[in-house]
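Participant:
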Amino acid sequence: MTPCTPAPPCDLEYPLFCEPRELTAIAKRLVVEDSSACDRTLQTPPSGQVVISNANGTISWTNGANSTVLRKTSTGSVEFATLNSLLQSAPVDLGSQPLTTTGAVSVGSLASTGVVTAASVTLAANPTANLQATTKQYVDAADALKLNKAGDTMTGALIVNSTITSSSTILANGNSSKIGYNTGAGGTITQGAGAKTNAVTLNRPTGIIVTDSAALASATTVTFNLSNSVIDSTDIVIVSHISGGTLGAYNFAIAPATGNANIVIRNITAGSLSEALTLRFIVIKSVNA
4 MTPCTPAPPC DLEYPLFCEP RELTAIAKRL VVEDSSACDR TLQTPPSGQV
54 VISNANGTIS WTNGANSTVL RKTSTGSVEF ATLNSLLQSA PVDLGSQPLT
104 TTGAVSVGSL ASTGVVTAAS VTLAANPTAN LQATTKQYVD AADALKLNKA
154 GDTMTGALIV NSTITSSSTI LANGNSSKIG YNTGAGGTIT QGAGAKTNAV
204 TLNRPTGIIV TDSAALASAT TVTFNLSNSV IDSTDIVIVS HISGGTLGAY
254 NFAIAPATGN ANIVIRNITA GSLSEALTLR FIVIKSVNA
């Protein structure tokens with residue numbers, strides 16, 4: 004039986020009833036319901052096209068290019084889009100399904116609340132934020148700069164801005180090795196004119212003091228004070244006569260206190276000496292117990 008159409012003497016106010024079409028699993032056309040007739044048929048679609056609906060409820064045939072997928076737009080329409088643009092428009096939620104690939108995975112930023120496992124992951128760059136993953140080259144570069152706590156050898160200078168405490172022996176290893184003060188640790192001060200008793204101030208762990216040239220009689224001692232915030236009362240202060248005046252003509256004694264030290268000079272020759280002495284001092288940390 005074919006669909007019926009209204010004709011006199013039918014009452015047009017009564018609803019229109021149509022004979023149902025039989026079902027089939029093979030078809031070349033799509034039959035849709037329409038308010039103005041019992042049914043209407045969409046044209047046979049070209050090969051490879053699919054039916055889509057737009058936000059107005061109408062349907063039509065459409066075709067996507069290679070490597071494209073269907074997606075729903077923000078207005079409710081269905082359209083084709085590239086897989087890349089679909090993945091970039093919003094995060095992809097796989098739910099509980101695993102993501103498996105036999106190739107490399109390149110990511111600019113990877114965030115996970117679970118476990119991420121992969122045979123090979125290629126990162127876009129070295130990390131710049133605390134929670135970013137590190138590359139092998141970044142780790143290798145950092146590993147080459149580290150010191151092993153069990154023992155290691157440095158090729159450059161070690162600069163420490165705090166106290167170094169050792170529970171073992173510190174030794175200079177090698178015939179050209181040194182233990183002492185580096186450039187910038189010392190300073191120079193010249194005693195005021197008129198007397199070898201004039202106090203001087205030099206807040207350094209090492210340095211040079213140039214004394215006044217006032218006369219110092221034979222077998223006579225003179226004392227001046229070195230104000231120095233580096234010195235503690237238990238420290239050892241060593242003074243050496245390095246130039247100026249007669250080397251070997253004087254004896255020296257040093258009495259350290261907290262923040263200063265008294266330096267005693269004695270003329271051990273048979274005559275008076277009027278010489279400006281150049282003295283080098285060093286402070287060595289020491290404790291009583």
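Residue numbers (the numbering used here): 4 to 292. Glycine included, each C-beta is placed from N, C-alpha and C at the ideal position. Remember, it's a predicted structure, so these values are computed and weren't measured experimentally.
1) With a Cβ-Cβ cutoff of 7 angstroms, do THR200 and VAL213 count as a contact?
2) Specify the secondary structure class of TYR2 as computed by DSSP and reduced to three states.
3) From THR209 to ILE241, what does the alpha carbon distance come to, in whole angstroms?
4) Take LYS75 and list the residues in its own chain whose beta-carbon comes closer than 7 angstroms to its own, dropping the five residues that flank it on each side.
5) Thinking just about the alpha-carbon of each residue, which of ASN151, ALA222, ASN66 and VAL124 is nearest to the one in PRO49?
6) Determine the closest residue to ASN206 out of ALA196, ASN231 and SER221, with distance taken between C-alpha atoms.
7) Extract the residue ranges of the alpha helix (DSSP H) inside the region 170-248, only unbroken runs of 4 or more that lie entirely within it.
8) Could you tell me which residues DSSP puts in a beta bridge with ALA260?
9) Could you please give me the residues that DSSP links to SER109 through a beta bridge?
10) Where GLY159 and LEU86 are concerned, what is the direct C-alpha to C-alpha distance, given to the nearest angstrom?
11) Using beta-carbon positions only, say whether SER216 and SER275 come within less than 7 angstroms of one another.
12) With distance defined between alpha-carbon atoms, name the residue in LYS139, ASN133, ASN265 and THR261 nearest to ASP233.
13) List the whole-angstrom C-beta distance separating THR226 from ILE271, where the pair is believed to meet the contact cut-off of C-beta under 8 angstroms.
14) If distances are taken between C-alpha atoms only, which option among SER165, SER243 and ILE182 comes closest to ILE173?
15) DSSP on VAL290, reduced to helix/strand/coil?
16) What did DSSP end up calling LYS75 once you bin it into helix, strand or coil?
17) Which same chain residues end up closer than 7 angstroms to ALA252 when comparing Cβ atoms and leaving out the 5 residues on each side of it in sequence?
18) Closest by CA to THR223, which one among ALA196, SER180 and ILE268?
19) Could you name the residues of the same chain whose beta carbon sits closer than 6 angstroms to that of GLY195, not counting the 5 residues immediately before and after it, in chain order?
20) Provide the residue span of the beta strand (DSSP E) that contains VAL81, from first to last.
21) Just the Cα atoms here: how many angstroms apart are PHE255 and PHE284?
22) In whole angstroms, what separates the C-alpha of ALA136 from that of LEU161?
Facilitator: Reading off the structure:
1) The Cβ-Cβ distance between THR200 and VAL213 does not fall below 7 angstroms.
2) The structure shown does not extend to residue 2, since the chain spans only 4 to 292, so no value can be given for it.
3) Their Cα atoms are separated by approximately 9 angstroms.
4) Here the set comprises VAL81.
5) Of the candidates ASN151, ALA222, ASN66 and VAL124, the one whose C-alpha sits nearest the C-alpha of PRO49 is ASN66.
6) When each option's Cα is compared against that of ASN206, the closest is ASN231.
7) Runs of the alpha helix (DSSP H) lying entirely within the region 170-248, each at least 4 residues long, are absent.
8) BP columns for ALA260 point to ASN263.
9) Partner(s): THR125.
10) If you draw a straight line from the Cα of GLY159 to the Cα of LEU86, it comes to about 53 angstroms.
11) No, the pair does not count as a contact, with Cβ atoms beyond the cut-off.
12) Before going further, note that residue 233 is Val rather than Asp in the sequence given. The option with the nearest alpha carbon to VAL233 is THR261.
13) About 16 angstroms separates the two Cβ atoms, so there is no contact after all.
14) When each option's Cα is compared against that of ILE173, the closest is ILE182.
15) When secondary structure is reduced to three states using DSSP, VAL290 falls in the coil class, being assigned neither helix nor strand.
16) Residue state, collapsed to three classes: strand.
17) For ALA252, where only same-chain residues beyond five positions count, the Cβ hits under 7 angstroms are ASN270, ILE271, THR272 and LEU276.
18) Residue ILE268 holds the alpha-carbon nearest to the alpha-carbon of THR223 among ALA196, SER180 and ILE268.
19) Taken in chain order, the residues that qualify are ASN201.
20) 81-85 is the span of the beta strand (DSSP E), which, as asked, contains VAL81.
21) Taking the straight line from one Cα to the other gives about 11 angstroms.
22) So the alpha carbons of these two residues sit roughly 30 angstroms apart.
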